[in-house]
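Enquirer: Here's a structure for you.
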Amino acid sequence: MKNYLILLFAFSMLFSCQKRYTTSSPEIDIAKKHLEAYENGDWEVWKEQYTDSSKIYHNNWDVALTSTQALKGHQLIISYLNFYEYVDEPIFFEMIVDDDGKKWVNFWGVWHGIMANTETEIKVPVHLSINYENGKVVEEYGFWDTSKLIEALDESDLEQPEIVSIE
C-alpha cells in the first residue's frame, strides 16, 4: 500500500507540472523578428506584428497606444538619431504562461542610440512584456528610463522632425 501511495504521488506530481517558463518558443521567435524589424526600420513588418485592437503601454499602465501611435513615437525618437540598435549582450528573452493561460514574452536588453548632431551616445536598459495570441501582439508593456534621451535632446539644437506615416 505504501509503494502504491508513493507511486500515485509521483504520477500526480509528474502530470500536475506544466511547462510555464521557457527560453525558446514560437512567440520568442516572433519577438526577435519584431525587434529586428524595429532595428532595421522595417515598419511594415513591425506593424504586421500587431492587431487592430492591440493595446500598447509604454512607460505607463493606464493609457494604451495603438500600433500607429507607437510607431509614430518610435519614428519621432529615431529621427533625432544617426544610429540605434539593441546591443547583443546582455539580451534576454523568456516566455511564461500565466495563471490565465496567457503567453507572455519578456525581453530585457540595452537600447543604444547616437544623437545625429552631437554624437552623444545613449544607452538605456529596456524591458518589454508582450502578450501574444495567434502569433500577434495583443498587449505590450514597455518600460525604460527616458531621462538620458531627454537630456540629450535638450542639449541638441535639432528642429522638430517630420514623421513618416505608413497608413
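FYI, the numbering for the sequence shown is -10 to 156, going by our numbering. Think of the CB as a built atom: it goes at the ideal place given N, C-alpha and C, for glycine as much as any other residue.
1) Jot down the residue ranges of each uninterrupted alpha helix (DSSP H) in the stretch 44 to 90, minimum 4 residues, whole runs only, in chain order.
2) Would the beta-carbon of Asn48 fall within 8 Å of that of Trp133?
3) Could you pull the start and end residues of the beta strand (DSSP E) that Glu128 belongs to?
4) If I measure Cβ to Cβ from Gln56 and keep anything under 7 Å in the same chain, skipping five residues before and after, which residues do I get?
5) What does the alpha-carbon distance come out to for the pair Ser13 and Val86?
6) What three-state label does DSSP hand Ser145 in the structure shown?
7) Going along the chain, which residues of its own chain have a beta-carbon closer than 6 Å to the beta-carbon of Val94, five neighbours each way excluded?
Expert: By the coordinates alone:
1) 56 to 67
2) Position 59 of the sequence shown, counted from the start, is the residue given in the question as residue 48. Position 144 of the sequence shown, counted from the start, is the residue given in the question as residue 133. Cβ distance < 8 Å, so Asn48 and Trp133 count as in contact.
3) Counting from one through the sequence shown, the residue named residue 128 turns up at place 139. It spans Lys125 to Trp133 - the beta strand (DSSP E) in which Glu128 sits, taken as one unbroken run.
4) For the purposes of this step, residue 56 is identified with residue 67 of the sequence shown, where counting begins at 1. The sequence shown places Ser at residue 56, rather than the Gln named in the question. Counting only Cβ-Cβ distances below 7 Å, and skipping sequence neighbours, we find Lys36, Tyr39, Ser43 and Ile45.
5) If you number the sequence shown from 1, residue 13 lands on position 24. If you number the sequence shown from 1, residue 86 lands on position 97. If you take the alpha carbons of Ser13 and Val86, they lie about 13 Å apart.
6) The residue you call residue 145 lines up with position 156 of the sequence shown. The answer is coil: DSSP assigns Ser145 none of H, G, I, E or B.
7) In the sequence shown, counting from the first residue as 1, residue 94 sits at position 105. Once the five neighbours on either side are set aside, the close Cβ partners of Val94 are Glu16, Ile17, Ala20, Met84 and Ile119.
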